[in-house]
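Oh and the sequence shown: position 86 is 86 in full-length UniProt numbering, straight run, nothing missing.
C-beta atoms are modelled at their ideal positions from N, C-alpha and C, and glycine is treated no differently.
Being a predicted model, the structure only gives us computed values, none of them experimental.
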Amino acid sequence: MARILIIDDAKFMRMTLTNILKKANHEIVGEGENGKEAIELFGKLNPDLVTMDITMPEMSGIEAVKVIKKENPSAKVIMCSAMGQQKMVVEAIEAGAKDFIVKPFDEGRVLDAVNRVLS
Numbered sequence: 001m002a003r004i005l006i007i008d009d010a011k012f013m014r015m016t017l018t019n020i021l022k023k024a025n026h027e028i029v030g031e032g033e034n035g036k037e038a039i040e041l042f043g044k045l046n047p048d049l050v051t052m053d054i055t056m057p058e059m060s061g062i063e064a065v066k067v068i069k070k071e072n073p074s075a076k077v078i079m080c081s082a083m084g085q086q087k088m089v090v091e092a093i094e095a096g097a098k099d100f101i102v103k104p105f106d107e108g109r110v111l112d113a114v115n116r117v118l119s
């Protein structure tokens with residue numbers, strides 16, 4: 001069981017991920033809507049894992065990953081992207097993300113990524 005922070009500007013996407021992860025007995029320790037909140041919440045909650053949307057208002061997921069990884073080199077982040085954002089996914093991985101999942105979320109794929117990154 002892991003403590004997971006979910007960052008996505010869409011409430012529906014956060015709910016979807018929460019349902020998938022809770023079913024697999026993970027604990028959702030917090031939720032945020034943009035990169036700034038991600039950095040703030042990460043510092044406060046120190047989660048085992050963060051799922052982070054790439055495209056968000058105020059600060060993108062990629063910018064947030066860079067800051068989080070600089071402050072916490074061992075941070076584990078999985079990026080969430082819409083189809084057709086391959087270039088951004090590559091950027092996110094270069095910035096320190098460990099894996100990515102594509103929307104709409106496939107339960108199996110989400111859990112595979114989470115288990116891989118946590119192990």
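Beta-bridge pairing of Met52 - partner residues as DSSP gives them | Ile7, Met79
Continuous alpha helix (DSSP H) stretch holding Glu91: start and end = 86-94
If you check the beta carbons only, do Gly43 and Ile54 fall under 8 Å apart?
-> no
Assuming Val114 and Leu49 form a contact by the criterion Cβ under 8 Å, report the distance between their Cβ atoms to the nearest whole angstrom.
-> 7 Å
What does a CB cutoff of less than 6 Å around Glu27 pick up in its chain, not counting 5 residues either side in sequence?
-> Arg3
Per DSSP, Asp99 is paired with what?
-> Ile78
Under 8 Å between the Cβ atoms of Thr18 and Phe105?
-> no
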